[in-house]
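If you want the numbering used here, it's the 1-based position in the sequence shown plus 40. Using N, Cα and C, we set each Cβ at its ideal position, and we do this for glycine too. Have a look at the structure below, then the notes.
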Amino acid sequence: MKLYYAPASSYSQRVLMALYEKKANFTLIEVNLFDSKAREEYMQINLFAKIPTLVTDKGNVIFEANIIIEYLDQHFPNTSRLIPADPEQALEVRMLERMIDVYINSGREALFADTQRPVEERGKKEVIKAKRLLEIALAMLDEKLASRTYLGGEQLAIADCAAAPTLAYLRMVYNYNHLPNLTNYVRRLESRPSVAQVFNLGRDQMTKMLSELPNPLQLVPLDEFVSFQQN
Ligand SMILES: N[C@@H](CCC(=O)N[C@@H](CS)C(=O)NCC(=O)O)C(=O)O
41 MKLYYAPASS
51 YSQRVLMALY
61 EKKANFTLIE
71 VNLFDSKARE
81 EYMQINLFAK
91 IPTLVTDKGN
101 VIFEANIIIE
111 YLDQHFPNTS
121 RLIPADPEQA
131 LEVRMLERMI
141 DVYINSGREA
151 LFADTQRPVE
161 ERGKKEVIKA
171 KRLLEIALAM
181 LDEKLASRTY
191 LGGEQLAIAD
201 CAAAPTLAYL
211 RMVYNYNHLP
221 NLTNYVRRLE
231 SRPSVAQVFN
241 LGRDQMTKML
251 SELPNPLQLV
261 PLDEFVSFQQ
271 N
C-alpha cells in the first residue's frame, strides 16, 4: 500500500492516524502540490490533485480521506474497528465525521481565510455564518462528550480520526477552551501515540507554512491553549 500525502495536510493526517492505529505496513510518498511538475505527475493518480490518495497492493486508487479509512477498516478487520460493527453506531460515527468536515473544518477554513484579509475586510456575513455553524457543531460534540471517552462511545472511531487534526488546527483561529468536555477529549486524543506520531511528522511543515503567510499564524499547543483565558 502506498499513501500519497503531505505531512501538514489535515486530511492526510486523518488517514495516517488510522494507518498507525491499524499498525498497517505502508509506504509514504510525499507530494508537493506547490511544485507544478510534481502536481502534474500526481494528477495521473488523482485528477482532482487533492491529497491524500491510497494506492492498494492491487493497484486500486482510493481517494477521499473517509473512504480510505473505510477501506482500511475492511482490510484490517482484526484490529479495533474504526467503523463499529453495530449499524446504528456506525451511522452515528459517520454522521459525526460529516459534521466535523462540513461544519467544523469549513468553519476553521473560513476563520483562517479571514485572518489573512485586511482588518477592515474581516468578519463579513459568510464568515459570521460559518462561525455560527462551527459553534453549533462544537457545542453538540461537547454535549456528547459529557458521557463518552470518544465521539462514538468508548472506542476510537472514524469521527475521532477527523477530529484530531481538525481540532488541533482549529486552535490557531478559534478558542474552544470554554467547552470542557471537548477540551478534555482533545487531551485524550492528543495523548494517543498515533496522534502524537502524526503531529510530529507534520509540525515542521505546518510551522513553516504558517510563518510564511502574509499575516503569520502559529500552531497552538494544547497546554498553552487550556491555560489561555478568554476575554
Ligand atoms: N475531500 C477531500 C479533501 C482533501 C483536501 O482538500 N486535501 C487538501 C490538503 S489538506 C488538498 O489537497 N489541497 C490542495 C488543493 O486544494 O489544491 C478528502 O476528504 O480527502
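For a test of your reading of the model: does the CB of residue i fall under 7 Å from any non-hydrogen atom of ligand 1? Yes or no.
i	result
I91	yes
F103	yes
S251	no
N106	yes
Y51	yes
L73	yes
Specify the secondary structure class of residue i as computed by DSSP and reduced to three states.
i	result
G193	strand
N271	In this prediction, N271 scores a pLDDT of 38, lower than 50, which makes its location untrustworthy; no coordinate-derived value is stated.
K165	helix
L43	strand
E70	strand
D263	helix
I102	strand
T93	strand
Y214	coil
V55	helix
E132	helix
N86	coil
L185	coil
Considering only the alpha carbon of each residue, which of the options lies closest to residue i?
i	options	result
Y190	Q258, H218, L136 and Q84	L136
A153	K90, L250, L178 and T93	L250
Counting only C-beta atoms, is residue i closer than 8 Å to chain D at any point?
i	result
D97	No chain D appears in the structure shown, which is made up of a single protein chain.
Run the proximity test for residue i: is its beta-carbon closer than 7 Å to any non-hydrogen atom belonging to ligand 2?
i	result
R227	Of the ligands this structure carries, namely ligand 1, none is ligand 2.
Contact the stretch 197 to 212 vs the stretch 53 to 61: 3+ CB pairs below 8 Å: Flag = yes, the stretch 197 to 212 and the stretch 53 to 61 touch.
contact_flag[the stretch 138 to 147, the stretch 115 to 130] where n(CB pairs < 8 Å) is 3 or more: They do not touch, by the three-pair rule.
Would you call the stretch 206 to 219 and the stretch 255 to 265 in contact, with 3 or more CB pairs under 8 Å? Three or more beta-carbon pairs drawn from the stretch 206 to 219 and the stretch 255 to 265 are found closer than 8 Å, and the two stretches are therefore classed as touching.
Answer yes if the stretch 41 to 55 comes into contact with the stretch 67 to 82, meaning at least three C-beta pairs across the two stretches below 8 Å, and no otherwise. Result yes; three or more Cβ-Cβ pairs closer than 8 Å.
How do the stretch 91 to 111 and the stretch 169 to 187 stand: do at least 3 beta-carbon pairs fall below 8 Å, yes or no? Look at the beta carbons and you see the stretch 91 to 111 not touching the stretch 169 to 187: under three pairs across the two are nearer than 8 Å.
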